[in-house]
């Protein structure tokens, strides 16, 4: 038999020649196939310094004409475009100072997406704020969640017997609460909450809707001692205090499939609370489905002192640098919030950095700076406060570095944070918020 | 396109931490091509051929893991010397002592790099010690060549293999680059005879080699890497953020990823060896077609399982010769240590023990009920489904970052299965699911069709072979550079 010694070499050599030749065809022009160009020599070509992103012009308004404040010039600080209005963030800062000497309750609503779902970011932010301004408790908690085990601060377990109507399963349901959910018992439904790291729950309140059942009730077991609570049934949202003594564990049980339940609030008589309203996949369009009535009713109980609106992650798609639809939808949402929560300061937080895999190398998604610029413009037009998270966390390629460094700060999708990253973002935000607070205090002109 | 940077050409010959050499690296194409040319030229004299191959193998190893290449040379020197002394020494305590010295030195090398941190961590957890972890990088291929060394010395000791006279031959056997990094674990008695005789490259070997190389590219780059980068690793990284449906699909995906990754690499190795006239035994035999866990271990990573069976289970533990209970214990110990071989963590130990217990239960079930179960296609199918799902259950522990995460993963599948939206779930991950589906379809293709296809490739003329490999690499490059898929919960 004849030896085919050279045949493998001939095969491989010819393949390499063909591959080199195909480097000269621009296959990416065949659009519908989404092909990538081939360059067998990319590893030995002269490295170009990375193409700078065609950045949109970011205006930093150093002076808003006739303002009573000198605005911050550092674009990692919070800038309030409504600084002279009744809903200025300076009122929030003033209240923070006031509760230090005269303890009262303050509350922040944080609307967001999967970036904060499972108490990410808010956990650390709450910890820092409560350390400075008092408070004991996580604030609002749903009855059931797909990220129950993610809650770092609280052991949260439902028996999964809750029927969860939400933004996705029933988007036109007018009974959806601020978190985008309303729960009904489907058989014997229970949710158990306990502090994970010691301590106690000093006060727990339950939020329910209108039931068609007369005298609706739930059973509440506090440290394993059960007690039935008959609930008010008159309003769209009803508040019932189900515990006012320090307890180590609370279990809420409902068997009433007609009773809408929103969740509980774990709090204390004074201090500051941050309610996490993260809903995965939300670009803010879904939040707009909450009825204004619902917002008002909740605010009757919660009296929000600040509302954070943080979206963008789900609105950036590759190849897009124009976000007019987002601007319109977001403005609509802001107007609704302004009308439902009059005089409550609103802070629009920009999207974080987002990684994009460009031919095998991770870089910042090119649309991100455009989204940040759009968000700034939304804040400006609606005269609310704005914080540029993208620049503050480090700007271009930050998420890439966070996902590749050790220890990692981001998830491997180069979009989400891990626990460490969430803590870091909260720390940066708290720091910038406090820097802004002292800036506005020092720079009141009139 | 920018001009060629000559400095970067030179740089590409040096080890780069960011870009170690693998079969799927761009550099490897040139490396292998150049190697094939040289090999064909040096083929005539056996001596030149061995030196050339060894040198290339060591360079390949250097490009893959830097100066760790020294360890393989060191291991080769020790084992070559000791085996030769053992061979001529009369039976007795001294000879035994030398064997144990060889085993000890081999395991010492493996333990130092692979298991030190695990035991330091264990000591820190149990006692109150606070010893810092060494965080040593694991030398590439060490788990494989340590086992090859051990089997060589043991075979020499047992008189099954006559030791080699020339050190270069032994170094060649140990460092043979196709199997160096990810196996298969080659036995001295299978490989050494091939060094002596003048190998020839036949048309069959070229066709079969092409089949295996392309199968390897499809498995490793197109199926495994894509599913893993875009889906599996993201879900396993943080199962608590995902629904049970996503976790379950990630598990099926991982079953494909680990099989395609491992067997794809082995296929490429075996295929390349064929192209230079060497035969390495097949390492995977469509393992998910197994209808029992015992059969699975005869089809999965065959070179490892047969190594464990011959040297650990039979030779060391006594196999089934020490009574029924000892047989069962031996089986569990073998699998437990086999699990530990895969990595230094409780996850691997648990995974190994799980398979050990399953093997024992399978044997018991067979001896009690085996005769009552009719051998029909239906019963085989049920067996395949059960075995596959058991294996998948094991993969949860094998793949999870931590032991706790494994349980979160299981909890998600059992209690929180429903994704936020089924429509988005299927739409968002469609490309991944299609690839997983294709992977399983290819896996269940009957052997006779596979063989027929191989024969077809053997018979095709060289130009067709060239076009075939070219297209295969083209597709692989497209997949390698494909846009990342966004997690579905980003798309509402």
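Residue numbers (my numbering), protein chains in the order written: chain A, 8 to 453; chain B, -9 to 482. Backbone N, C-alpha and C define an ideal beta-carbon position, used for all residues, glycine too.
One Cα belongs to residue 240 of chain A, the other to residue 116 of chain A, and the distance between them is close to 25 Å.
Inter-segment contact for the segment 21 to 35 of chain A and the segment -7 to 6 of chain B is absent: fewer than three beta-carbon pairs are separated by less than 8 Å. Taking the Cα positions, residue 26 of chain A is about 58 Å away from residue 78 of chain A. Where residue 407 of chain A is concerned, the enclosing alpha helix (DSSP H) starts and stops at 405 to 411. In the structure shown, the three-state DSSP call for residue 206 of chain A is coil.
Under DSSP, residue 365 of chain A takes part in a beta bridge, and its partners are A:368. Of all residues in the segment 121 to 151 of chain A, only 121, 124 and 125 place a beta-carbon less than 8 Å from a beta-carbon of chain B. By the CB criterion at 8 Å, residue 141 of chain A and residue 277 of chain A fall inside the cutoff. Classified as exposed, residue 412 of chain B has fewer than 16 neighbouring CB atoms from the shown chains inside 10 Å of its CB. Residue 85 of chain A counts as buried, since at least 16 other C-beta atoms from the protein chains shown sit within 10 angstroms of its C-beta. Contact check between the segment 346 to 362 of chain A and the segment 147 to 159 of chain A: fewer than three CB pairs, one atom from each, fall below 8 Å, which does not count as touching. Residues of the segment 394 to 422 of chain B whose Cβ lies closer than 8 Å to any Cβ of chain A, in chain order: 398, 401, 405, 406, 410, 411 and 414.
With respect to chain B, the C-beta atom of residue 418 of chain A has a partner C-beta closer than 8 Å. A buried status is given to residue 382 of chain A, since no fewer than 16 other beta-carbon atoms sit within 10 Å of its beta-carbon. Per DSSP, the beta bridge partners of residue 114 of chain A are A:280. Per DSSP, reduced to three states, the secondary structure at residue 21 of chain A is helical. CA-to-CA, the gap between residue 29 of chain B and residue 212 of chain B works out to about 29 Å. If you keep only unbroken alpha helix (DSSP H) runs of at least 4 residues inside the segment 223 to 273 of chain B, you get 223 to 227 and 234 to 265.
Residue 107 of chain A is outside the set of residues whose beta carbon lies under 8 Å from a beta carbon in chain B. Residue 427 of chain A is outside the set of residues whose beta carbon lies under 8 Å from a beta carbon in chain B.
One alpha carbon belongs to residue 99 of chain B, the other to residue 128 of chain B, and they sit about 10 Å apart. Annotation note: the segment 166 to 218 of chain A contains the following uninterrupted beta strand (DSSP E) runs of length 3 or greater, listed N- to C-terminal: 169 to 173, 188 to 192, 196 to 202 and 210 to 215. Measuring C-alpha to C-alpha distances from residue 413 of chain A to each of A:420, A:422, A:428 and A:403 identifies A:428 as the nearest. Contact note: residue 23 of chain B reaches chain A through 16, 19, 20 and 23, using a C-beta cutoff of 8 Å and chain order. Contact check for residue 62 of chain B and residue 165 of chain B: beta-carbon distance about 6 Å, within the 8 Å limit, so the pair qualifies.
Under the criterion of beta carbons closer than 8 Å, residue 274 of chain B and residue 256 of chain B qualify as touching, at roughly 6 Å. Three or more Cβ pairs drawn from the segment 297 to 306 of chain B and the segment 321 to 338 of chain B lie within less than 8 Å of each other, which places the two stretches in contact. Scanning chain B for C-beta atoms nearer than 8 Å to the C-beta of residue 167 of chain A yields 405 and 406, reported in chain order.
In the DSSP annotation of this structure, the continuous segment of the beta strand (DSSP E) that includes residue 234 of chain A starts and ends at 232 to 237.
When the alpha-carbon of residue 423 of chain B is set against those of B:236, B:440 and B:84, the nearest one is in B:236. Under the 8 Å criterion on CB atoms, residue 456 of chain B is classed as interfacial with respect to chain A. Close CB contacts of residue 258 of chain B within its chain, under the 8 Å cut and outside five residues either way in sequence, are with 13, 168, 202, 203, 206, 207 and 210 (chain order). Proximity of chain B to residue 48 of chain A at the Cβ level (cut-off 7 Å) is accounted for by -6, in chain order. Beta bridge pairing from DSSP links residue 245 of chain A with A:215. Taking 7 Å as the Cβ-Cβ cut-off, the segment 271 to 289 of chain A approaches chain B at 287, 288 and 289, given in chain order. Three or more beta-carbon pairs drawn from the segment 263 to 276 of chain A and the segment 220 to 227 of chain A are found closer than 8 Å, and the two stretches are therefore classed as touching.
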